[in-house]
Amino acid sequence: MILIDTHTHVYEPQFDDDVEQVILAAQEAGLIHLVMPNIDVESIARMQGVLSRHPGYVSEAMGLHPTSVRDDFREQLTFIRHELDTRSFVAIGEIGIDLYWDKTFEAEQVEAFLTQIEWSMAYDLPIIIHSREAWDVVFACLNRFPSDKIRGVFHSFSGDETDLRRALSYPHFYIGINGTVTFKKNTLPALLPLIPLDRLLLETDSPYLAPIPKRGRRNEPAYLVHTATFIAHILGLDPDILAEKTARNACRFFGFQFQEGKIIRPI
26 MILIDTHTHV YEPQFDDDVE QVILAAQEAG LIHLVMPNID VESIARMQGV
76 LSRHPGYVSE AMGLHPTSVR DDFREQLTFI RHELDTRSFV AIGEIGIDLY
126 WDKTFEAEQV EAFLTQIEWS MAYDLPIIIH SREAWDVVFA CLNRFPSDKI
176 RGVFHSFSGD ETDLRRALSY PHFYIGINGT VTFKKNTLPA LLPLIPLDRL
226 LLETDSPYLA PIPKRGRRNE PAYLVHTATF IAHILGLDPD ILAEKTARNA
276 CRFFGFQFQE GKIIRPI
């Protein structure tokens, strides 16, 4: 099975004791690449540490996560913009709107989101969108820009059919699915046939959202095999075919070249 984890936070403290074993397990499970989206200014050094030990196997996305938007968000954005100016990244992310826990900084989240969408066009990079209890706000932000000028992925998609159809109405956007699709009573399995196979990306969002049969444990990239197998069963596909197809989607999305089961990232 050939897989790419398009969204993992293996630099988080939950992996401090065994990140090398986690990455080895991912390689043994058939994952040929991992993409690490940033969270905030404090997470950048940890992310760089993983990259320095595994160049070519992991890539970085740079952005400010919506739950990290506080009074100092403009200062954080200035720092993140400097990173974008001085190093190479495969996407802007993880960015978006999260109103699940608190709406105190909704206006600031919107400003940060819009700013980073503008950056994505300036740097010609896709965006990785986090949307939680905020679909209308997210779509309103995206609609401020020409649909042919923005591209991205709705990471950890959790919306209903209406949200999915709206998400797919943006021609250059993909749908990111992770272990939540395996959870009992989740409505995502019914939506899977509505997602064009060439617009589907797989992810773990590790260390969070481990799929069944690993639910309740710390998630890790190797567990993507369970999610891929589950989705393949729902769609009536061979798991290996689904895995390679979504890996090719990821290569197209991030600008990688796929050759003989390996990826080459353009410099």
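Per my numbering: the sequence shown = residues 26 to 292.
We put the beta carbon where it would ideally sit given N, CA and C, even for glycine.
Between which two residues does the beta strand (DSSP E) containing residue i stretch?
i, result
"Pro-236", "No beta strand (DSSP E) holds Pro-236; DSSP gives it neither H nor E."
"Tyr-248", "Element bounds for Tyr-248: n/a, residue is neither H nor E."
"Pro-62", "56-62"
"Ile-154", "152-157"
"Gly-177", "177-179"
"Phe-170", "Note, Phe-170: premise wrong, no beta strand (DSSP E); not H, not E."
"Phe-283", "282-284"
"Lys-287", "287-289"
Going by beta carbon distance, what residues of the same chain come within less than 7 angstroms of residue i, once the five residues before and after it are set aside?
i, result
"Arg-242", "Ala-235"
"Arg-273", "Phe-283"
"Tyr-233", "Asn-244"
"Ile-288", "Ile-57, His-58, Cys-276, Phe-281, Gln-282"
"Leu-76", "Val-83, Glu-85"
"Glu-269", "Ile-27"
"Phe-40", "Val-47, Pro-232"
Need the endpoints of the alpha helix (DSSP H) that residue i sits in, please.
i, result
"Ile-119", "This sequence places Glu at residue 119; Ile is not what is there. Premise fails: Glu-119 lies in the beta strand (DSSP E), 116-123, not in any alpha helix (DSSP H)."
"Val-162", "160-167"
"Tyr-148", "131-148"
"His-90", "That residue, His-90, is in no alpha helix (DSSP H); it is neither H nor E in DSSP."
"Gly-74", "69-78"
"Val-226", "This sequence places Leu at residue 226; Val is not what is there. From DSSP, Leu-226 is part of no alpha helix (DSSP H) but of the beta strand (DSSP E) over 225-227."
"Phe-98", "98-111"
"Ile-266", "264-279"
"Glu-186", "186-193"
How about residue i and residue j: do their beta carbons lie closer than 8 angstroms?
i, j, result
"Gly-184", "Trp-160", "yes"
"Pro-197", "Ile-153", "Looking at the sequence shown, residue 197 is not Pro but His. No. Outside cutoff."
"Gly-81", "Tyr-36", "no"
"Val-94", "Phe-279", "no"
"Pro-91", "His-32", "no"
"Glu-100", "Met-87", "no"
"Tyr-199", "Arg-224", "yes"
"Met-26", "Asp-265", "yes"
"Gly-201", "Glu-228", "yes"
"Pro-151", "Val-178", "yes"
"Gln-141", "Ile-117", "yes"
"Ser-172", "Tyr-195", "yes"
"Thr-271", "Leu-216", "no"
Taking only beta-carbon atoms, is residue i less than 8 angstroms away from chain B?
i, result
"Pro-238", "No chain B appears in this structure, which consists of one protein chain only."
Identify, in the order they occur along the chain, each residue of the same chain with its Cβ nearer than 8 angstroms to the Cβ of residue i, setting aside the five sequence neighbours on each side.
i, result
"Glu-131", "Ile-122, Leu-124, Val-162"
"Arg-240", "Gly-204, Thr-207, Phe-208"
"Pro-221", "Leu-193"
"Glu-45", "Arg-78"
"Ile-292", "The predicted model places Ile-292 with a pLDDT of 45, which falls under 50 and marks its position as unreliable; any figure quoted below should be read in that light. Around Ile-292: Ser-113."
"Glu-136", "Phe-98"
"Phe-138", "Pro-91, Ile-120, Gly-121, Ile-122, Val-163, Cys-166"
If you drop the 5 nearest sequence neighbours on each side, which residues of the same chain put their C-beta closer than 6 angstroms to that of residue i?
i, result
"Ile-237", "Thr-207"
"Arg-71", "Tyr-36"
"Ser-145", "Ile-117, Ile-152"
Requested in this report: Evaluate contact between the segment 44-62 and the segment 98-107, counting only Cβ atoms and requiring at least three cross-stretch pairs below 8 angstroms.
Outcome: With the cut-off at 8 angstroms, the segment 44-62 and the segment 98-107 do not touch.
Query raised in the report: Whole alpha helix (DSSP H) runs in the segment 27-54 with 4 or more residues, listed along the chain?
Result: Whole alpha helix (DSSP H) segments, 4+ residues: 44-53.
Query raised in the report: For the 8 angstroms Cβ check, are there 3 or more pairs between the segment 201-208 and the segment 240-256?
Result: Output reads yes: the segment 240-256 touches the segment 201-208.
**Report entry** Within the segment 195-222, ranges of the alpha helix (DSSP H) (whole runs, at least 4 residues)
**Finding:** Within the segment 195-222, the alpha helix (DSSP H) runs of at least 4 residues that lie entirely inside it are, in chain order, 213-216.
Requested in this report: Inspect the CB distances between the segment 166-177 and the segment 210-230 and report whether three or more fall short of 8 angstroms.
Outcome: These segments do not touch.
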